[in-house]
Amino acid sequence: MKSLGIAIVGCGGITLQNHLPGLALCAETKVVALCDNNPATLERAARETGIAVTSTSYEDIVRRDEVQAVIIATPNVSHAPIALAAIAAGKHVLCEKPIAMNHAEAQQMAAAADAAGVRHMTAFTYRFGPAMRYLGHLIAPGDLGVPYHYRSCRLQDWGTRNLGWRQVQALAGTGELGDMLSHRIDFAQHLVGPIRRLVANTKRLVDDRGGHPSDLEDWVAVLAEFEGGASGVLESSKLASGRNESWRSLDYVELNGSAGTFEFTTGKWNELLHGKAGGPGLAPLAVPREFWVWPGCPRDPGVGDPLVTFRYDQEFEFIDAIRNERPCVPSFHDGARTQGVMDAALRSAELKRWVEV
Ligand SMILES: NC(=O)c1ccc[n+]([C@@H]2O[C@H](COP(=O)([O-])OP(=O)(O)OC[C@H]3O[C@@H](n4cnc5c(N)ncnc54)[C@H](O)[C@@H]3O)[C@@H](O)[C@H]2O)c1
Numbered sequence: 050m051k052s053l054g055i056a057i058v059g060c061g062g063i064t065l066q067n068h069l070p071g072l073a074l075c076a077e078t079k080v081v082a083l084c085d086n087n088p089a090t091l092e093r094a095a096r097e098t099g100i101a102v103t104s105t106s107y108e109d110i111v112r113r114d115e116v117q118a119v120i121i122a123t124p125n126v127s128h129a130p131i132a133l134a135a136i137a138a139g140k141h142v143l144c145e146k147p148i149a150m151n152h153a154e155a156q157q158m159a160a161a162a163d164a165a166g167v168r169h170m171t172a173f174t175y176r177f178g179p180a181m182r183y184l185g186h187l188i189a190p191g192d193l194g195v196p197y198h199y200r201s202c203r204l205q206d207w208g209t210r211n212l213g214w215r216q217v218q219a220l221a222g223t224g225e226l227g228d229m230l231s232h233r234i235d236f237a238q239h240l241v242g243p244i245r246r247l248v249a250n251t252k253r254l255v256d257d258r259g260g261h262p263s264d265l266e267d268w269v270a271v272l273a274e275f276e277g278g279a280s281g282v283l284e285s286s287k288l289a290s291g292r293n294e295s296w297r298s299l300d301y302v303e304l305n306g307s308a309g310t311f312e313f314t315t316g317k318w319n320e321l322l323h324g325k326a327g328g329p330g331l332a333p334l335a336v337p338r339e340f341w342v343w344p345g346c347p348r349d350p351g352v353g354d355p356l357v358t359f360r361y362d363q364e365f366e367f368i369d370a371i372r373n374e375r376p377c378v379p380s381f382h383d384g385a386r387t388q389g390v391m392d393a394a395l396r397s398a399e400l401k402r403w404v405e406v
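According to this note's numbering, numbering within the sequence shown proceeds without interruption in unit steps and concludes at 406.
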């Protein structure tokens with residue numbers, strides 16, 4: 050097997066949490082170059098990883114011959130320019146979500162990657178959760194019946210602390226919408242199909258975070274209608290005080306259909322709740338072992354915290370798709386589809402009315 054050289058652009062939180070441990074699982078795959086525009090962060094990353102090829106300029110890094118694929122883990126505003134530069138250099142790209150600042154930019158990225166014949170992937174990490182995968186598997190052949198309702202609720206307590214680039218519109222594009230709801234918009238369309246129209250509202254309740262102005266929303270809610278006729282209700286907040294954060298806080302998805310109901314929460318990685326129409330109510334449904342790890346991934350599900358380690362399967366999928374010359378799941382097209390709904394939500398909140406997606 051030929052060795053694959055990876056460059057990582059952006060050496061912050063998510064690179065350490067997901068990308069580096071995920072890549073370590075992939076055979077004959079080596080991180081050969083690092084880029085961060087903060088010299089101190091870059092130096093620390095180089096020291097901790099032992100990777101000698103570094104640059105503060107992504108233009109230099111994506112052009113290097115030893116680099117075959119690029120992982121983009123920078124603030125949202127720089128995703129499109131970095132991805133387009135990497136694609137122009139013929140490199141495969143895994144980009145963090147939201148992949149762009151708006152739908153037009155996301156579509157441009159997907160079209161450029163397709164035209165160049167490179168692999169492209171959106172880091173919708175929660176698609177890799179075992180219970181979410183099992184849910185997708187169950188409802189595909191019709192275990193839900195006719196879909197009636199999709200419901201998701203993501204409630205965290207981020208308080209009023211400084212969120213860095215995440216609270217600056219020019220760097221992040223959107224607040225809670227892109228940061229958290231984008232994953233749940235992806236679930237919705239993955240499980241139920243395209244959203245046709247929606248009405249949305251956003252709210253910023255904290256204008257100053259840690260002594261710095263915030264110009265982005267802390268809360269967002271969307272009322273949606275799917276093309277198939279089902280309804281959707283999606284809510285996400287950073288200000289659910291007392292609910293804790295990350296996987297310790299509420300991250301809930303419920304699907305109701307003519308045949309029954311399924312409930313998924315991120316905190317329960319190997320269990321769904323299921324109830325049949327007319328039955329006595331919801332009961333736990335264990336996720337079979339074959340769903341604990343992404344197909345083909347060598348990760349041992351018994352090692353580490355399972356609420357963290359499923360995220361490493363995302364890297365395996367990217368590398369496996371490159372090796373087998375097949376599309377990545379989820380691709381830039383999935384990223385762009387979510388971005389279309391995000392744009393519509395912003396438009397609706399501004400116009401204060403229903404809009405078509
Ligand atoms: N998939 C997920 O579950 C998930 C979770 C967290 C974050 N994210 C996404 O990952 C991305 C990064 O988030 P993070 O939490 O790691 O942020 P972070 O602030 O911890 O890290 C970002 C890094 O990028 C560097 N950077 C900024 N601009 C750059 C540029 N032009 N060129 C090179 N380096 C640059 C910064 O110096 C910083 O080190 C965001 O898009 C975010 O939405 C995704």
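For glycine and all other residues, C-beta sits at the position ideal for the given N, C-alpha and C.
#1: What does I55 pair with, by DSSP beta-bridge criteria?
#2: Determine the extent of the alpha helix (DSSP H) in which F365 is found, giving its start and end residues.
#3: For I244, which beta-bridge partners are listed by DSSP?
#4: Is the beta carbon of E145 sitting closer than 8 angstroms to the one on A129?
#5: Report all residues from its chain with a CB closer than 8 angstroms to the CB of R402; omit the five preceding and five following residues, and keep chain order.
#6: Residue ranges of each beta strand (DSSP E) run of no fewer than 3 residues wholly in the region 121-175, ordered along the chain?
#7: Thinking just about the alpha-carbon of each residue, which of C202, R360 and I57 is nearest to the one in V271?
#8: Does G306 pass the burial test, meaning 16 or more other C-beta atoms within 10 Å, or should it be called exposed?
#9: Cα separation between R292 and R113?
#10: Hey, how far is the Cα of G185 from the Cα of M229?
#11: To which residues does DSSP link P382 through a beta bridge?
#12: List the endpoints of the continuous beta strand (DSSP E) containing H323.
#13: With R200 as the anchor, note down where its beta strand (DSSP E) starts and where it stops.
#14: Using 8 angstroms as the threshold, is the C-beta distance between V116 and G54 below it?
#15: Can you round the beta-carbon distance between E274 and R253 to whole angstroms, since I take them to be within the 8 angstroms contact cut?
#16: Please state the DSSP three-state secondary structure of G353.
#17: What's the gap between the Cα of L143 and the Cα of A279?
#18: Give a yes or no on contact between the region 153-170 and the region 372-388, applying the rule of three or more CB pairs nearer than 8 angstroms.
#19: Taking contact to mean at least 3 C-beta pairs separated by less than 8 angstroms, is the region 206-222 in contact with the region 358-370?
#20: DSSP on A335, reduced to helix/strand/coil?
#21: Give me the Cα-Cα distance between S329 and H232, rounded to the nearest whole angstrom.
#22: Let me know the secondary structure DSSP gives T223 once reduced to three states.
#23: Should G259 be listed as close to ligand 1, given that the test is whether its C-beta is under 7 angstroms from any heavy atom?
Let me spell this out:
#1: V80 and A118
#2: D362 to R372
#3: F275
#4: no
#5: V248
#6: 141-144 and 169-171
#7: C202
#8: buried
#9: 45 angstroms
#10: Answer to the nearest angstrom: the Cα atoms are 20 angstroms apart.
#11: Residue identity differs from the one stated: residue 382 is His in this sequence, not Pro. Per DSSP, none; premise fails for H382.
#12: E320 to K325
#13: P196 to L204
#14: yes
#15: Incorrect: roughly 26 angstroms between the Cβ atoms, too far for contact.
#16: coil
#17: 32 angstroms
#18: yes
#19: no
#20: Strand.
#21: In the sequence under discussion, the amino acid at residue 329 is Pro, which differs from the Ser named in the question. Cα-Cα distance, rounded: 31 angstroms.
#22: coil
#23: no
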